[in-house]
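Protein chains in written order, with my numbering: chain A, 501 to 650; chain B, 11 to 514.
From the three backbone atoms N, C-alpha and C, an ideal C-beta is built for every residue, glycine too.
To keep things clear, I will list the structure first and then write my remarks on it.
Shown next, in the form of structure tokens:
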């Protein structure tokens, strides 16, 4: 089966049409229409993408294997960790957020729990000190803000 | 003679103490990046770009450091090829053939030393080639008009997949996607395009965020999927026993490899992989039965290493003179140039002569530094190689986060980076190449500008794009570049695969 390329081809075809339609909706630039407006280049791109998508739908390559169920879970965990890291970077502060994020990633990739979070902590502290003091680029203190003044 | 004067000025820039220091740091980091599995040169340079920014480095210093990283990464790729039989990047594949057998025979130190010397010679030859060729090409490129530039950009995309590329249609598709992303934002007529009223999109999508996301985050996901976190046990490196005579015996091989590599690097569509492949194959042909290739012949280590380092310096020629990179890593270097507000291309040789020649001089100096670093410090690199990816990749990801965060202190950029990473994972699964996307992001604005100029002058007549002889020539090469992979690609890939046996 060669479903992947077909599905991707259809998605990209939809994108090409939407993008091409979007180009026709641009307001006319001030000073009237010229031979080349803001829509010219996008229109060319939409046509190129549409043609190549059609080719993929007609002549797809053989599929690559997708990960199995539990691996999907691992991948989703990794992405969730990255999003949570971004979310918590400000409120928790760099060191705590990094310990949690790097630790969880190491652990899920196969490291022992304690060593994983220890790696996260050490990496977080080293990078924090390096950035804040050596490079003069402040990273968020977060919950550890009490230490800042002392 | 003019060139020589410029070069001397260049040395003046490159030899300033702080530039020299950053070159050394870059060379060290580069070797590390090249050596560590799962951290290819393009990926590594991409992660370091935001850091170079936030450090507030001068343009010349930033460029010198990252050029040194680039050169170092090419040196480092061989370490994991020889010791682990895992090529650090694609061009290092051929080095596995004789390097790993040498290591198994207990000659790892010799293999590493020989390949360091061969890399040095390959780079040196190619850098001299660069010095001679680049000014000529830049002068020639000054005759290009807007239509020729547009054709040149098309050529760059068409040949990016390389002769060994798999599916040229996917390359074009990737290029279109990249160019489309580049159109987001306010264009130069003041029209908002595809911003959907989101304030953060008005200025367009920062390509550095896209590059780091596509490379670094997708790499992490791939490692998780392959459950490759444990890594492989490292080889023990023996004590070095290498005489001058052994090194001298390698010189002809290294020399041939360097020249071939340089040519492969300059030509569009060939690239470093082909450079190392051709050098290895030729060496085998020349020596014939006198060699024992595939079983640990030192010349089988020297030839591909000289070839791939020659090619990587050669690849800087089109990047510096035309502003059109031929490989993923040079594309990332181009990203650096653009973000430093330096317009790449022929004018750079006159407008920013100090920077260009400073970089070229830094490349020469970097080479010597790398040779000095690589022979005595090889033990440190070998130690670091044994750090398993399960610790390494999360830390690398964190460094990527810090880099992006420190540019703008905005969480929005980080979400974008993660989104690009997830997108990159799916694209890689579908074998849509990422490099054309990045090149599209980088070249999009310039490409559109040139199209607009060409058409405005001709009053909307599209035939202007292929009206000059030069433009027709460029279009023809582009078309050949797209068709050739169909014809020779399968054969070449088969031969490379058959020889290396590494396959993936």
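Do you know offhand how far residue 440/B's Cα is from residue 539/A's?
Your numbering for residue 440/B matches position 430 in the second chain. Your numbering for residue 539/A matches position 39 in the first chain. Going from the Cα of residue 440/B to the Cα of residue 539/A covers about 30 Å.
Alpha helix (DSSP H) runs wholly inside the region 519-589 of chain A, at least 4 long, in chain order:
540-558
Would you report the Cα separation of residue 619/A and residue 603/A, rounded to the nearest angstrom?
Within the first chain, the letter at position 119 stands for residue 619/A. Within the first chain, the letter at position 103 stands for residue 603/A. If I take the Cα positions, the gap works out to 7 Å.
Endpoints, alpha helix (DSSP H) assigned at residue 42/B
In the second chain, counting from the first residue as 1, residue 42/B sits at position 32. Per DSSP, residue 42/B belongs to the alpha helix (DSSP H) from 27-45.
For chain B, is any of its Cβ atoms less than 7 Å away from the one on residue 628/A?
For the purposes of this step, residue 628/A is taken as the residue at position 128 of the first chain. Not closer than 7 Å to any Cβ of chain B, the Cβ of residue 628/A fails to qualify, so no.
Under 8 Å by Cβ, that's how I've got residue 128/B and residue 316/B pegged, so tell me the actual separation to the nearest angstrom.
Position 118 of the second chain holds residue 128/B. Position 306 of the second chain holds residue 316/B. Right, the Cβ-Cβ distance comes to about 4 Å (below 8 Å), so this counts as a contact.
Using three-state DSSP, classify residue 68/B as helix, strand or coil.
If you number the second chain from 1, residue 68/B lands on position 58. Coil, per DSSP.
Select from the region 629-649 of chain A all residues with a C-beta closer than 8 Å to any C-beta belonging to chain B, and list them in chain order.
631, 635, 637, 639
Measuring straight from C-alpha to C-alpha, what distance separates residue 555/A and residue 188/B?
The count along the first chain starts at 1 and reaches residue 555/A at position 55. The count along the second chain starts at 1 and reaches residue 188/B at position 178. So the two alpha carbons sit approximately 19 Å from each other.
So is residue 582/A buried or exposed if we call it buried at 16+ other beta carbons inside 10 Å?
As a working note, residue 582/A is residue 82 in the first chain. Residue 582/A is buried by the Cβ-count criterion.
Answer yes or no: does any C-beta atom of chain B fall closer than 7 Å to that of residue 549/A?
To locate residue 549/A, count along the first chain from 1; it is residue 49. By this cut-off, residue 549/A is an interface position.
Count the other CB atoms, across all protein chains shown, that sit within 10 Å of the CB of residue 266/B; report buried if there are 16 or more and exposed otherwise.
In the second chain, the residue the question calls residue 266/B occupies position 256. The residue in question, residue 266/B, is buried, as its Cβ has 16 or more Cβ neighbours within 10 Å.
Just mark residue 591/A as buried or exposed, buried being the case when its beta carbon has 16 or more other beta carbons within 10 Å.
Numbered from 1 along the first chain, position 91 holds the residue referred to as residue 591/A. When all chains shown are included, residue 591/A counts as exposed.
Helix, strand or coil for residue 22/B per DSSP?
Here residue 22/B is taken as the residue at index 12 of the second chain, counted from 1. Residue 22/B: helix per DSSP, three-state reduction.
Beta-carbon neighbours of residue 578/A, restricted to chain B and to distances below 8 Å
Here residue 578/A refers to the residue found at position 78 when the first chain is read from its first residue. Correct list: 230, 231, 234.
Residue 609/A and residue 549/A closer than 7 Å at C-beta
Translated into positions along the first chain, residue 609/A becomes position 109. Translated into positions along the first chain, residue 549/A becomes position 49. No, they are not a contact pair.
Touch check for the region 307-321 of chain B and the region 132-139 of chain B: three-plus C-beta pairs under 8 Å?
yes
What's the call for residue 300/B, buried or exposed, on a 16-neighbour Cβ count within 10 Å?
As a first step, residue 300/B is located in the second chain; it is residue number 290 there, counting from the start. It counts as exposed.
Kindly say whether residue 602/A, judged by its beta-carbon, lies nearer than 7 Å to any beta-carbon of chain B.
As a position in the first chain, residue 602/A is number 102, starting the count at 1. Yes, residue 602/A counts as interfacial toward chain B.
Min CB distance residue 558/A to chain B below 7 Å:
By 1-based counting over the first chain, the position of residue 558/A is 58. It does not; no Cβ of chain B falls within 7 Å.
Going along the chain, which residues of the region 399-427 of chain B sit with their C-beta nearer than 8 Å to a C-beta in chain A?
399, 400, 401, 403, 404, 405, 407, 408, 409, 411, 412, 415, 416, 421, 424, 425
Given 8 Å as the limit, is there contact between the region 41-54 of chain B and the region 396-406 of chain B, that is, 3 or more CB pairs closer than that?
yes
Determine the closest residue to residue 367/B out of 144/B, 60/B, 92/B, with distance taken between C-alpha atoms.
The residue you call residue 367/B lines up with position 357 of the second chain. Ranking 144/B, 60/B, 92/B by Cα distance to residue 367/B puts 144/B first.
Distance CB(residue 381/B)-CB(residue 63/B) smaller than 7 Å
Counting from one through the second chain, the residue named residue 381/B turns up at place 371. Counting from one through the second chain, the residue named residue 63/B turns up at place 53. Taking 7 Å as the Cβ cut-off, residue 381/B and residue 63/B do not qualify as a contacting pair.
How many Å lie between residue 450/B and residue 336/B at the Cα?
Here residue 450/B refers to the residue found at position 440 of the second chain. Here residue 336/B refers to the residue found at position 326 of the second chain. Looking at the two C-alpha atoms, the distance is approximately 13 Å.
Rounding to the nearest angstrom, what Cα-Cα distance links residue 114/B and residue 260/B in this structure?
Position 104 of the second chain, counted from the start, is the residue given in the question as residue 114/B. Position 250 of the second chain, counted from the start, is the residue given in the question as residue 260/B. The straight-line gap from Cα to Cα measures roughly 21 Å.
Nearest to residue 109/B by CA position, among 94/B, 254/B, 385/B, is which residue?
Taking the first residue of the second chain as 1, we reach residue 109/B at position 99. Among 94/B, 254/B, 385/B, the Cα nearest to that of residue 109/B belongs to 94/B.
Scan the region 410-456 of chain B and note each continuous alpha helix (DSSP H) run of 4 residues or more that stays entirely inside, going in chain order.
421-439
Using DSSP bridges, identify the partner residues of residue 223/B.
What you label residue 223/B is simply residue 213 of the second chain in a count that begins at 1. Residue 223/B is not bridged to any residue.
When the cut-off is 7 Å and only beta carbons count, does residue 514/B lie next to chain A?
Along the second chain, read from residue 1 onward, the residue named residue 514/B stands at position 504. Only weak support is given to the placement of residue 514/B: the predicted model assigns it a pLDDT of 36, under 50, and the value that follows is read from those uncertain coordinates. False, the Cβ-Cβ gap to chain A never drops below 7 Å.
Which two residues bound the contiguous alpha helix (DSSP H) that contains residue 352/B?
What you label residue 352/B is simply residue 342 of the second chain in a count that begins at 1. Segment: none, residue 352/B is in no alpha helix (DSSP H) and carries neither H nor E.
Any C-beta of chain A sitting closer than 7 Å to the C-beta of residue 466/B?
Counting from 1 along the second chain, the entry for residue 466/B is found at position 456. With 7 Å as the cut-off, residue 466/B counts as an interface residue toward chain A.
What number of angstroms, rounded off, separates the C-alpha of residue 211/B from the C-alpha of residue 430/B?
The sequence position of residue 211/B within the second chain is 201, counting from 1. The sequence position of residue 430/B within the second chain is 420, counting from 1. Using only the alpha carbons, I get a separation of about 15 Å.
Does residue 199/B have its Cβ less than 7 Å from a Cβ in chain A?
Along the second chain, read from residue 1 onward, the residue named residue 199/B stands at position 189. At least one chain A Cβ lies under 7 Å of residue 199/B.
Spatial neighbours of residue 17/B within its chain, please: CB distance less than 8 Å, with the 5 preceding and 5 following residues excluded, ordered by chain position.
As a working mapping, residue 17/B is identified with position 7 in the second chain. The residues are 141, 367, 370, 371.
Am I right that residue 158/B and residue 484/B are in contact with their C-beta atoms under 8 Å? What's the rounded C-beta distance?
The count along the second chain starts at 1 and reaches residue 158/B at position 148. The count along the second chain starts at 1 and reaches residue 484/B at position 474. With 8 Å as the limit, residue 158/B and residue 484/B qualify as a contact, their Cβ atoms being about 6 Å apart.
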